[in-house]
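Per our numbering, residue 22 is the first one in the sequence shown, and the count goes up by one each step. What follows is a single structure, written as structure tokens, with notes after it.
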Amino acid sequence: MNSDNSKIRRSSNVGGGGIYLGIGGNIGDRELNLTRALTIISAHPDMRLLRVSSFYRTSPWGVTEQPWFLNAICEIETVLYPAALLEELKRIERILGREKSTPHWGPRAIDLDIILFRSIVMRTPLLTIPHKHCTERLFVLMPLVEIAPCIVHPETGVSFRNYLDELLKTQPEEACLKYNQIVFKKP
Ligand code: AMP
22 MNSDNSKIRR
32 SSNVGGGGIY
42 LGIGGNIGDR
52 ELNLTRALTI
62 ISAHPDMRLL
72 RVSSFYRTSP
82 WGVTEQPWFL
92 NAICEIETVL
102 YPAALLEELK
112 RIERILGREK
122 STPHWGPRAI
132 DLDIILFRSI
142 VMRTPLLTIP
152 HKHCTERLFV
162 LMPLVEIAPC
172 IVHPETGVSF
182 RNYLDELLKT
192 QPEEACLKYN
202 QIVFKKP
């Protein structure tokens, strides 16, 4: 899929996972779109799919007058540096029919985000890692804690379980319900 193997894009320093992607969508067959994204990721020559959370049915955030979302988190390993990984995720979004002009927080067939990239902390005009809303969204925290219950925010040292418990004091659990058990199986 990716023919550019230059050193700028790829690292030989590959660890054992710890890269978490958020996957969501609220247009069309949501389950099919999420499954398609996972299938492309699992077949990608530069990525290895390690774990997938359950799918969660979640209320829209920001622009609330839009259909409900289906969200999940997956853990991958990759040889790509963060910026190159983002490019690949955008390419997968386009393959799955995401319009370039999708408004921020608006309806979309598929949305792929880098939530965590091992313990990397970075802020560039294109990329904020950890994802800037990762401690405030049930649809990130619920599936993340499901597959990585002990994981800690690399900047604050606070566990994501702790962020989730705090958020559940102010937001109803019904805002992010388990849609089905872990369903994705590698083809
Ligand atoms: P969205 O509308 O949510 O898909 O936002 C897309 C834009 O957010 C991308 O074009 C990225 O440049 C930017 N962005 C910043 N940080 C991240 C991140 N951690 N993961 C994905 N996109 C990011």
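Backbone N, C-alpha and C define an ideal beta-carbon position, used for all residues, glycine too.
Taking 7 Å as the cut-off, one finds no heavy atom of the ligand AMP near enough to the beta carbon of T177.
For D132 and G45, the gap between their C-alpha atoms comes out near 5 Å. Between the ligand AMP and I135, a heavy atom-to-CB distance of less than 7 Å is present.
By a beta-carbon distance limit of 8 Å, F160 contacts Y77. Their separation comes to about 6 Å.
With a cutoff of 7 Å, I150 counts as near the ligand AMP, since its C-beta is closer than that to a heavy atom of the ligand.
Taken through DSSP and simplified to helix, strand or coil, R57 comes out as helix. Here R51 carries a helix assignment [DSSP, helix/strand/coil].
For V179, the closest alpha carbon among the candidates T191, C197, E194, T156 is that of T156. Inside the region 72-116, DSSP marks whole beta strand (DSSP E) runs of 3 or more residues at positions 76-79, 90-99, from first to last along the chain.
Between the region 138-153 and the region 172-186 there are three or more inter-stretch CB-CB distances shorter than 8 Å, so the stretches are counted as touching.
In this structure, the C-beta of L147 approaches the ligand AMP to less than 7 Å from one of its heavy atoms. For D67, there is no enclosing beta strand (DSSP E), as DSSP gives it neither H nor E. By the Cβ test, the region 183-192 is not in contact with the region 89-107, since fewer than three Cβ pairs between them sit closer than 8 Å.
Contact between the region 67-74 and the region 97-116 is present: 3 or more CB-CB pairs across the two stretches fall below 8 Å.
If you draw a straight line from the Cα of A196 to the Cα of G118, it is about 26 Å long.
Relative to the Cα of W89, the nearest Cα in the group L147, L148, R51 belongs to R51.
Selection Q192, Y200, R30, K190 evaluated against Y102 yields R30 as nearest (Cα-Cα). From the listed residues P151, K199, T177, the smallest Cα separation to M163 is found for K199.
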